[in-house]
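Numbering (the numbering used here), first residue to last: 382 to 792. Notes for the one structure printed next.
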């Protein structure tokens, strides 16, 4: 029976706000970086919705446009702003979306009425033919899991100058459908697991091939078989699938992070926001962004504003200074040649996940992990410039234009 979606855009739920905060807060530094390089940008919101909820809160299209405006305001007058093409694909609410985008500068936005799967490849091919050295960002927040296609994501990574993805992965929806296709009983109560899940249209999959296309391979089958034999529960199955899904993306994207969205401690994730990029700076920016959204999700929502003694991840794991030190040192064991700081930080997040924000790893604050390791002479650090304007040795712990840091474990 089709889901009643009449109230889907009536009010913006709290996890939708967290999701759009994750998008908007990342897009500002993303646009800053891309605009400063001078290359054109194609931004595609693949399931754009109405653009605004009935309660007046902005949806993802207006969130992205506001982020672009903030970046343009920074660079206007300093150098020519490259072309930025904002495309919004929407099947069910294109008319409302056009109305809610009224007032945008002429030529900035295009609403493409129709299905994502019918329009995305022609759009990308046309854009690639018209513009060389094109940077592409796809925001993929589907109404169900069925339209995700790993081969499409592979091709985007190789076809454009840069490509980034932010995907709403309905991992539990995938597990549910995989069990059904494999004729394995879904043991949990669906009303509990999927309560409040933001699904506009629950996907119904019919074949192994459809599941393979979404996952990018058949690795999911062993997970479902283990679940069917009772070796793991549904939560473990979801974590294993999400982990291997990220590994699959890493075939073409060097850095893949995710943020599970859950509303109560111990609750199954409603879905996972997955970010993929080939640039360490993008990975670091998203990791710090996820850490800040995690504070909002864990402290404000899950814990009702009550602070924990130890910082928690979105997986509700407590992160001590001892844990961070251990993992940084573990990674440093393989860092025997000088490595750029941002490369090292991106590798850390890519390998261990978003355990903390950047400041706990690398900052001039007392107690930050890398500063402590420099002071104890565990690592060697080379800074450019090596001295301040007053001739004192440089001590900065973040890279920016004209300021670089290289580090390695001291031999």
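In this text, a Cβ means the ideal position worked out from N, Cα and C, and glycines have one as well.
task: Rank 727, 668, 441 by C-alpha distance to the C-alpha of residue 427 and give the top, closest one.
output: Looking at the Cα atoms, 441 is the closest of the given residues.
field: Backbone secondary structure at residue 442 - three-state DSSP
entry: Helix.
- prompt: Among 474, 417, 767, 548, which has the Cα closest to the Cα of residue 457?
  reply: Taking only the C-alpha atoms, the option nearest residue 457 is 417.
message: Just verifying my parser: in three-state terms, what is the DSSP assignment at residue 624?
response: helix
message: Considering Cα atoms alone, identify which of 736, 781, 396 is closest to residue 410.
response: 781
task: Name the two residues that bound the continuous beta strand (DSSP E) containing residue 545.
output: 543-550
message: Looking only at its chain, what residues have a beta carbon closer than 7 Å to the beta carbon of residue 452, apart from the 5 residues adjacent to it on each side?
response: The answer, listed in chain order, is 409, 412, 413, 416.
field: Residues that residue 725 bridges to, as DSSP identifies them
entry: Per DSSP, none; premise fails for residue 725.
- prompt: If we count the other Cβ atoms within 10 Å of its Cβ and call it buried at 16 or more, is residue 460 buried or exposed?
  reply: exposed
field: 3 or more residues per run - each beta strand (DSSP E) lying fully within the segment 481-508
entry: 490-494
message: What does the alpha-carbon distance come out to for the pair residue 513 and residue 490?
response: 20 Å
- prompt: Given residue 689, which residues of its chain have a CB within under 6 Å of its CB, disregarding the five upstream and five downstream residues?
  reply: Since pLDDT at residue 689 reaches only 45, below the 50 mark, its modelled position is unreliable, and no value is offered.
field: Residue from 779, 770, 729, 424 with nearest C-alpha to residue 745
entry: 779
- request: Would you check if the segment 600-612 and the segment 530-541 touch, i.e. whether three or more CB-CB distances between them fall below 8 Å?
  value: no
- request: Could you check if residue 566 is buried or exposed, using at least 16 other CB atoms within 10 Å of its CB as the buried criterion?
  value: exposed
- prompt: Using DSSP with H/G/I as helix, E/B as strand and the rest coil, what is residue 470?
  reply: strand
- request: Just the C-alpha distance for residue 704 and residue 526, rounded to the nearest angstrom, thanks.
  value: 35 Å
query: Any Cβ of chain B within less than 8 Å of the Cβ of residue 787?
result: This model lacks chain B altogether; it includes just one protein chain.
- prompt: Candidates 420, 529, 641: which alpha carbon is nearest residue 594's?
  reply: 529
- prompt: Counting along the chain, where does the alpha helix (DSSP H) carrying residue 712 start and finish?
  reply: 702-713
- prompt: Between the Cα of residue 556 and the Cα atoms of 615, 518, 506, which residue gives the shortest distance?
  reply: 615
- prompt: Which stretch, first to last residue, makes up the alpha helix (DSSP H) that contains residue 755?
  reply: Going by DSSP, residue 755 is part of the alpha helix (DSSP H) stretching over 750-756.
message: Starting from residue 639, trace the beta strand (DSSP E) in both directions and tell me its first and last residue.
response: Looking at the DSSP string, the run of the beta strand (DSSP E) that includes residue 639 is 636-642.
field: Span separating the alpha-carbon of residue 429 from that of residue 707
entry: 42 Å
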